[in-house]
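Chemist:
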Amino acid sequence: MGGGDEDSSRWLGPLLQSSFFGQCKVHGAAAAHKSECNMFCLDCVDGPLCSLCLNFHKDHRCIQIRRSSYHDVIRVCEIQKYLDITGVQTYIINSAKIVFLNQRRRPQPRPGKGVTNTCCVCHRSLLDSFSFCSIGCKIDGTSNNFQKKIEGSRIHKQMQSFTPSTPPQTMNKRRKGVPRRAPTGGLLIEY
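Basically the numbering used here = 1-based index in the sequence shown + 204.
#1: Which residues does DSSP pair with P252 in a beta bridge?
#2: Tell me where the beta strand (DSSP E) around C323 begins and ends.
#3: Go to K342, then tell me how far its beta strand (DSSP E) extends in each direction, as first and last residue.
#4: Here's the rule: buried if 16 or more other CB atoms are within 10 angstroms of the residue's CB, otherwise exposed. What is N306?
#5: By how many angstroms is the C-alpha of S272 removed from the C-alpha of I297?
#6: Under 8 angstroms, do I289 and V277 count as touching if we go by C-beta distance?
#7: Note down, in chain order, each residue of its chain lying with its Cβ closer than 8 angstroms to the Cβ of G291, except the 5 sequence neighbours on either side.
#8: Can the beta-carbon of S222 be found closer than 8 angstroms to that of L287?
#9: Once you ignore the five residues that flank L331 on each side, which residues in its own chain have a CB closer than 8 angstroms to its CB?
#10: Out of curiosity, what's the CA-to-CA distance linking L219 and S338?
#11: Could you tell me which residues DSSP puts in a beta bridge with R270?
#12: Among C281, G345, K229, which has the Cα closest to the Cα of S299?
#13: With DSSP run on the structure shown, which of helix, strand or coil describes H360?
#14: If F225 sits next to N242, beta carbons under 8 angstroms apart, how far is it from one beta carbon to the other, in whole angstroms?
If you want it as structure tokens, here you go:
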């Protein structure tokens, strides 16, 4: 199933940094409908390719990038041959299982009610069995720099936990129970 080729470090960065779905610089004017760059050659790592450019990459490992809600996605069945995507949340769009390439631009401001799991990098809401929302977040989250940053923030939080804090104020709201009378309520005063 999933492969984590040694050479993925060679093509993964350029793949994640590429801008797809623009016009091909070579075939742009010739065939506008076929010159949209939505392919990527993992062997050449020359940037986005159009379907006409694929003629020069016949025996190469090429993958197709797709669009979903203005974000670049890739089918799981294509990418898992070349990259281990364990822990990345998958989605089903048009009956195909996909993953997002990069972190989505607008992170969710805060988790919604009932959300118990978020992306380790961007804190987007996830299903319980996943750790990352995209391939880009997995690469960032598993890097040594990110791990050092996380350790540094844990130490900082631990140091803060030793400082005394003001206890939270609690409001005692009693539910209405048995009515209580004032102590002089049984005393009748006559004029």
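Virtual Cβ for every residue (Gly too), placed ideally from N, Cα, C.
Modeler: On the basis of the data shown:
#1: Within the sequence shown, the letter at position 48 stands for residue 252. F244, per the DSSP bridge assignment.
#2: Start at 1 with the first residue of the sequence shown, and residue 323 comes out as number 119. From DSSP, C323 is part of no beta strand (DSSP E); its letter is neither H nor E.
#3: Taking the first residue of the sequence shown as 1, we reach residue 342 at position 138. No beta strand (DSSP E) contains K342, which is instead part of the alpha helix (DSSP H) from 339 to 345.
#4: Locating residue 306 in the sequence shown gives position 102, where the first residue counts as 1. Answer is buried; the Cβ neighbour count reaches 16.
#5: Position 93 of the sequence shown, counted from the start, is the residue given in the question as residue 297. Position 68 of the sequence shown, counted from the start, is the residue given in the question as residue 272. Those two C-alpha atoms are separated by around 8 angstroms.
#6: Counted from its first residue, the sequence shown places residue 289 at position 85. Counted from its first residue, the sequence shown places residue 277 at position 73. Cβ atoms of I289 and V277: not closer than 8 angstroms.
#7: The residue given as residue 291 occupies position 87 in the sequence shown. Within the same chain, G291 has close Cβ partners F334, S335, F336, K342.
#8: In the sequence shown, residue 222 corresponds to position 18, counting from 1. In the sequence shown, residue 287 corresponds to position 83, counting from 1. No, these two residues do not count as a Cβ contact at 8 angstroms.
#9: Indexing the sequence shown from 1 puts residue 331 at position 127. Cβ neighbours of L331 beyond the five flanking positions: Q293, N321.
#10: As a working note, residue 219 is residue 15 in the sequence shown. As a working note, residue 338 is residue 134 in the sequence shown. The straight-line gap from Cα to Cα measures roughly 13 angstroms.
#11: Looking up residue 270 in the sequence shown gives position 66. For R270, which the question treats as bridged, DSSP gives the partners V277.
#12: Within the sequence shown, the letter at position 95 stands for residue 299. When each option's Cα is compared against that of S299, the closest is C281.
#13: For the purposes of this step, residue 360 is taken as the residue at position 156 of the sequence shown. In this prediction, H360 scores a pLDDT of 48, lower than 50, which makes its location untrustworthy; the coordinate-derived value is nonetheless stated afterwards. In this structure, H360 counts as helix in the three-state DSSP scheme.
#14: Numbered from its first residue, the sequence shown carries residue 225 at position 21. Numbered from its first residue, the sequence shown carries residue 242 at position 38. Between N242 and F225 the Cβ distance is about 6 angstroms, and since that is below 8 angstroms, they are a contact.
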